[in-house]
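Chemist:
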Amino acid sequence: MKVRGLRGATTVTRNDREEILRATRELMQEIVRVNEIDVDDVASVILTMTPDLNAAFPAFAVRQLPGWQWVPLMCATEIDVPGSLPRSIRVLVHLNTDKRQDELIHVYLGEAVQLRPDIATR
Numbered sequence: 007m008k009v010r011g012l013r014g015a016t017t018v019t020r021n022d023r024e025e026i027l028r029a030t031r032e033l034m035q036e037i038v039r040v041n042e043i044d045v046d047d048v049a050s051v052i053l054t055m056t057p058d059l060n061a062a063f064p065a066f067a068v069r070q071l072p073g074w075q076w077v078p079l080m081c082a083t084e085i086d087v088p089g090s091l092p093r094s095i096r097v098l099v100h101l102n103t104d105k106r107q108d109e110l111i112h113v114y115l116g117e118a119v120q121l122r123p124d125i126a127t128r
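What follows is the structure, encoded as structure tokens:
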């Protein structure tokens, strides 16, 4: 079994606590669903948000998912690159898995699809 990185991102329309938490939950649930993840196989998760978002910690939303309260989670601010996609939430899941890199399904929702159109699922 190897540790692999699994990426995902989503966007929100405004800096609102409930919207950030809803979008984060939706993103994590979709990552888990399409990759058939068992929470016990997750080593850690890093979540970032663009500097225009600060109404909530996205890790709070992840901790509310069953079993995820034991997973080490960290939040950070995404680098503020001029012209980059605003109101974005990104995630990097460190996963213990037997899957090959090309078997992992990275999930990009909403406007975040434009971040990685080459691997976006929708």
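Here the sequence shown stands for residues 7 to 128, numbered as in the working numbering. C-beta atoms are modelled at their ideal positions from N, C-alpha and C, and glycine is treated no differently. Please read these numbers as outputs of a predicted model, since none were measured by experiment.
Reducing DSSP to helix, strand and coil, say where V40 ends up.
Modeler: For the purposes of this step, residue 40 is taken as residue 34 along the sequence shown, with counting starting at 1. In the structure shown, V40 adopts helical secondary structure according to DSSP, grouped into three states.
Chemist: Could you have a look at M80 and say whether DSSP puts it in helix, strand or coil?
Modeler: To locate residue 80, count along the sequence shown from 1; it is residue 74. Correct three-state label for M80: strand.
Chemist: If you compare alpha carbons, which of R10, A49, M80, P72 is closest to P64?
Modeler: Within the sequence shown, the letter at position 58 stands for residue 64. That would be M80, whose Cα lies nearest to the Cα of P64.
Chemist: Would you mind giving the Cβ-Cβ distance between V18 and I95, rounded to the nearest angstrom? I have them listed as a contact below 8 Å.
Modeler: Residue 18 sits at position 12 when you count from the first residue of the sequence shown. Residue 95 sits at position 89 when you count from the first residue of the sequence shown. The pair is a contact, with the Cβ atoms about 7 Å apart (cut-off 8 Å).
Chemist: What does the Cβ neighbour count give for A62, buried or exposed, with the cut at 16 atoms within 10 Å?
Modeler: On the sequence shown, position 56 is the one that residue 62 refers to. Answer is buried; the Cβ neighbour count reaches 16.
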